[in-house]
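Remarks on the structure that follows.
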Amino acid sequence: MKYSINPLNLSPWKRAAVLVTANGMAVPCIRCPRKDKHLKAVQFSRYGGPEVLEIVEIEAPHPGPGEVRIAVRAAGVNPSDWKRREGQYRAFEEVHFPAALGVEASGIVDEVGPDVSNTYVGDAVFGYGNGTMAEHAVLTHWVHKPDDLPFEIAGALPVISETAWRSLDELCVKAGETLLVSGAAGGIGSAILQLARIRGITVIGTASPQKHDYLRELGAIPTAYGPGLAERVRQLAPDSIDAAIDVAGSGIIPELIAITGDPARVLSVADFSAEEYGAKFSHGPPKEPERILADVARLYSKGLFRLRIEQAFPLEKTAEAQIASAAGRVTGKLVISP
Ligand SMILES: NC(=O)c1ccc[n+]([C@@H]2O[C@H](COP(=O)([O-])OP(=O)(O)OC[C@H]3O[C@@H](n4cnc5c(N)ncnc54)[C@H](OP(=O)(O)O)[C@@H]3O)[C@@H](O)[C@H]2O)c1
2 MKYSINPLNL SPWKRAAVLV TANGMAVPCI RCPRKDKHLK AVQFSRYGGP
52 EVLEIVEIEA PHPGPGEVRI AVRAAGVNPS DWKRREGQYR AFEEVHFPAA
102 LGVEASGIVD EVGPDVSNTY VGDAVFGYGN GTMAEHAVLT HWVHKPDDLP
152 FEIAGALPVI SETAWRSLDE LCVKAGETLL VSGAAGGIGS AILQLARIRG
202 ITVIGTASPQ KHDYLRELGA IPTAYGPGLA ERVRQLAPDS IDAAIDVAGS
252 GIIPELIAIT GDPARVLSVA DFSAEEYGAK FSHGPPKEPE RILADVARLY
302 SKGLFRLRIE QAFPLEKTAE AQIASAAGRV TGKLVISP
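For the sequence shown, the positions run 2 to 339 when our numbering is used.
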């Protein structure tokens, strides 16, 4: 399947502008003279290293049917951003240059597209979008942000929440089972540990020793990765490891199969070779993202879900953020705050 990225150079804009009236009705503003403002955004015009990223001024995008535009407060940094920039996805994803960056964000709605009934200008929201590493961006799937959920965290939640939720569902891990998570201290790992704990699953997570307290805070039993993993895990869970999720993509699918004793109980989100061994490979696009985002926001408000934001970067330092992400040592998540 080919996924298309919205190009940033969509001018001239063909979508109808929308006015939101005082009673909250969104009406097409067909005869309004379009006052296209300009905004700063990150884009790249060829595949390559962080040096291909540019901060450019573009015309503000307008939301289409079922979409909203936000003034971005925080956009989550994901490994997919720099993998896309490097051209790692070119076999299955069409990129139109110049290409926008960023697939998730939080912010304040400043324009509402047609056929949107539950969201108004001024609402605080977070969700999935296109080109979210920009001052303004269009969201395609979103939910309202609770007041007690900081914008920085909300903007970093969508990808990790949906991926973690989907992985646990696809692997059918049940209450009372023990799950091993390889790569537990990053964004997706942080989400899996907590969602699994809430489901009544015991979790053993791998991370370097200085991050073991972090894993404990999230409700997991930590252990180091590397040689001797199977023996360490056996001592921590003498009764057996029922299932394993590979988040790190560090080439340990055969080891995880040996530890669980069943390839059908091993799933990877990062190692494309998983299916060659009979294990599962889980990938998007996200299904039912709004339901999952609303549930995770509720869990946050109840104090049952946390996310460490290791660092927030200004838009101008997006390249630095991507270099840090690509180094593979992030605890929790990084965000861009325009
Ligand atoms: N298939 C999908 O649907 C999907 C969706 C989203 C993302 N992904 C992929 O999932 C992967 C993880 O994403 P992420 O956002 O969680 O990444 P991330 O936040 O950048 O992960 C960083 C963490 O990985 C840990 N790590 C690095 N090498 C490790 C190893 N050999 N063993 C165990 N832990 C290790 C690091 O811990 P230490 O510092 O302790 O080493 C660090 O805390 C990426 O490859 C991403 O592209 C897939």
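For every residue, glycine included, the Cβ atom is placed at its ideal position computed from N, Cα and C. Nothing here was measured: the structure is a model prediction, and the numbers come from that model.
Query	Result
Check whether V73 and T133 have beta carbons under 8 Å apart	yes
Beta-carbon separation (whole angstroms), S168 vs V104, contact threshold 8 Å	Not a contact, Cβ separation roughly 18 Å.
8 Å contact criterion, which I71 and H137 should meet: CB distance rounded	7 Å
For S183, three-class secondary structure by DSSP	strand
Unbroken alpha helix (DSSP H) run spanning P159, endpoints	159 to 172
beta-carbon P159 near ligand 1 non-hydrogen atom, thresh 7 Å	no
According to DSSP, residues forming a beta bridge with G77	V336
For A320, three-class secondary structure by DSSP	helix
Outcome for N24 when other beta-carbon atoms lying within 10 angstroms are tallied against a minimum of 16	Interpretation of N24 is limited by its pLDDT of 39, a score under 50 that renders its predicted location unreliable; the figure taken from the coordinates is listed afterwards. Label assigned to N24: exposed.
Contact set for V57: own chain, Cβ-Cβ below 7 Å, skip 5 residues either direction	A42, Q44
Beta-carbon proximity list for P255, same chain, < 8 Å, skipping 5 on both sides	Y278
Own chain, CB closer than 7 Å to V336, minus 5 neighbours either side, in chain order	A75, A76, G77, V78, E153, G156, A157, I310, A313
Burial state of M26, where buried means 16 or more other Cβ atoms lie within 10 Å	At M26 the pLDDT is 42, less than 50, meaning the model places this residue with poor confidence and gives no usable figure here.
Any non-hydrogen atom of ligand 1 closer than 7 Å to V204 Cβ	no
Buried or exposed (CB count within 10 angstroms, at least 16 for buried), Q195	buried
H97, buried or exposed, once every other Cβ within 10 Å from all chains shown has been counted against 16	exposed
Where A238 sits in the DSSP three-state scheme	coil
Close Cβ partners of S81 (< 8 Å) along its chain, the five nearest in sequence each way excluded	Y90, V104, V160
heavy atom of ligand 1 below 7 Å from V331 C-beta	yes
Cβ-Cβ distance between V184 and A249 below 8 Å	In the sequence as presented, Val is not what sits at residue 184; that position holds Gly. Yes; because the gap between Cβ atoms is below 8 Å, this pair is in contact.
A106 to G262 span [Cα, whole Å]	40 Å
Own chain residues within Cβ distance below 8 Å of A259, not counting five before or after	A231
Same chain only: Cβ atoms within 8 Å of S326, ignoring 5 sequence neighbours per side	V78, N79, P80, D82, W83, L335
Start-to-end residues for the beta strand (DSSP E) that takes in L268	267 to 269
Where the alpha helix (DSSP H) containing Y301 begins and where it ends	290 to 302
Span separating the alpha-carbon of K275 from that of V174	Checking the sequence shown, residue 275 turns out to be Ala, not Lys. Spanning the two alpha carbons is a distance of roughly 18 Å.
Whether V331 touches G187 by CB criterion (8 Å)	yes
C-alpha gap between A101 and W143, whole angstroms	19 Å
Buried versus exposed, by CB contacts within 10 Å (16 or more), P62	buried
Contact set for I189: own chain, Cβ-Cβ below 7 Å, skip 5 residues either direction	I161, T164, A165, V248, V270
Cut-off 7 Å between Cβ atoms - residues of its own chain near F306, not counting five sequence neighbours on either side	Q195, V297, L300
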